[in-house]
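Step one of this worksheet: look at the structure below.
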């Protein structure tokens with residue numbers, strides 16, 4: 100390229116005015132998923148325009164940050180309805196390209212690439228495959244972390260960034276117990292089924308209903324028909340007690356010998372299943388989760 104203007108230190112004002120005059124020649128389609136670019140072991144910083152994947156699955160990268168990270172100096176000029184870019188590294192290796200065409204010149208040798216450089220929103224983008232096809236650099240794609248790794252040194256590299264692992268979804272029993280504990284202190288009301296007041300089965304029904312689990316209305320019916328009988332208790336199990344001669348109380352097991360229930364004396368509270376009061380009255384457990 101002979102008619103180069105100034106180097107990359109040209110002001111942003113000149114750069115943006117060129118954008119306004121000529122418009123963005125790249126399509127303004129959906130930017131697609133986020134993608135990061137890594138040169139050898141280091142991620143490339145993109146303070147302004149970001150890389151993106153277009154509708155054809157092409158990874159397009161802003162020319163300046165990528166090639167500067169690779170040790171190239173960038174010059175550019177407006178030529179007709181496109182932007183011409185020249186790149187040169189410390190060894191005086193040169194790359195020349197023009198937006199809107201499929202031609203790339205490497206050390207003066209013309210090459211044709213499937214997709215050429217594009218001018219979009221004041222930024223020149225180049226398909227990442229141009230980097231690999233024009234220079235012979237190996238490009239790794241880390242799909243798990245969304246990173247394209249340009250191996251400029253010819254070696255394989257691990258990702259310099261790993262996508263955060265999402266926190267595991269809480270188990271249904273954990274959600275159940277969290278909801279149950281928010282009801283601590285709600286008073287006992289005979290026949291109560293709302294946070295204004297609960298009886299024991301009304302409380303259990305209310306909490307399980309929050310998970311979409313439908314239970315019989317009374318503690319006796321729960322004991323007779325709900326879930327399956329278990330001996331090794333797990334959090335979320337229903338625990339039953341006889342006060343008198345029949346099943347008259349139900350609660351939710353919390354683990355470590357504790358359960359939560361609506362009691363006649365102090366409303367919704369946590370007790371030990373093996374306390375001197377509840378231990379002798381315990382008759383079994385059912386699992387519904």
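In the working numbering, the protein residues as written are 100 to 388. Built from N, CA and C at the ideal position, the CB exists for glycine as well.
Going by other Cβ atoms of all chains shown within 10 Å of its Cβ, with 16 needed for buried, is residue 336 buried or exposed? Under a 10 Å Cβ-count criterion, residue 336 is classified as buried, with 16 or more other Cβ atoms of the shown protein chains found around its own Cβ.
Measure the CB-CB distance between residue 152 and residue 134 and report whether it falls below 8 angstroms. Yes, they are a contact pair.
Residue 208 in three-state terms, based on DSSP: DSSP, reduced to helix, strand and coil, places residue 208 within a strand of the structure shown.
Hey, out of 190, 381, 324 and 260, whose CA is closest to residue 344's CA? Nearest C-alpha to residue 344: 381.
Residue burial classification, residue 361 (beta-carbon count within 10 angstroms, cutoff 16): Residue 361 sits buried, since 16 or more C-beta atoms from the chains shown fall within 10 Å of its C-beta.
For the pair the region 213-220 and the region 189-202, tell me if three or more CB-CB distances fall below 8 angstroms. Counting C-beta pairs with one atom in each stretch, the region 213-220 and the region 189-202 have three or more that are closer than 8 angstroms, which means they touch.
Quick check: residue 249 and residue 137, are their CB atoms within less than 8 angstroms of each other? With contacts defined as CB atoms closer than 8 angstroms, residue 249 and residue 137 qualify as a contacting pair.
With 16 other Cβ atoms within 10 Å as the buried cut-off, status of residue 264: By the beta-carbon neighbour count (other beta carbons within 10 angstroms, threshold 16), residue 264 is exposed.
Among the residues of its own chain, which have a CB less than 6 angstroms from the CB of residue 386, if the five just before and after it don't count? Apart from the 5 residues on each side of it in sequence, residue 386 sits with its Cβ closer than 6 angstroms to the Cβ of 326, 327, 329 and 336 in its chain, given in chain order.
Might you give, ordered along the chain, the residues of its own chain that have their beta carbon closer than 8 angstroms to the beta carbon of residue 352, omitting 5 neighbours on each side? Sequence-distant Cβ neighbours of residue 352 in its own chain, meaning closer than 8 angstroms and more than five residues away, are 332, 333, 334, 335, 336, 337, 338, 358, 372 and 384.
What number of angstroms, rounded off, separates the C-alpha of residue 323 from the C-alpha of residue 267? For residue 323 and residue 267, the distance between alpha carbons rounds to 34 angstroms.
Measuring straight from C-alpha to C-alpha, what distance separates residue 173 and residue 254? Cα-Cα distance, rounded: 25 angstroms.
Where residue 387 sits in the DSSP three-state scheme: The answer is coil: DSSP assigns residue 387 none of H, G, I, E or B.
Residue 95 versus 340, 363 and 236, residue with shortest Cα-Cα distance: The question about residue 95 has no answer here: the residues shown for the chain are numbered 100 through 388.
Which residues does DSSP pair with residue 389 in a beta bridge? This structure leaves residue 389 out entirely; the chain is present only between 100 and 388.
Measure the alpha-carbon distance for residue 308 versus residue 269 and round it to whole angstroms. Here the alpha carbons of residue 269 and residue 308 stand approximately 17 angstroms from one another.
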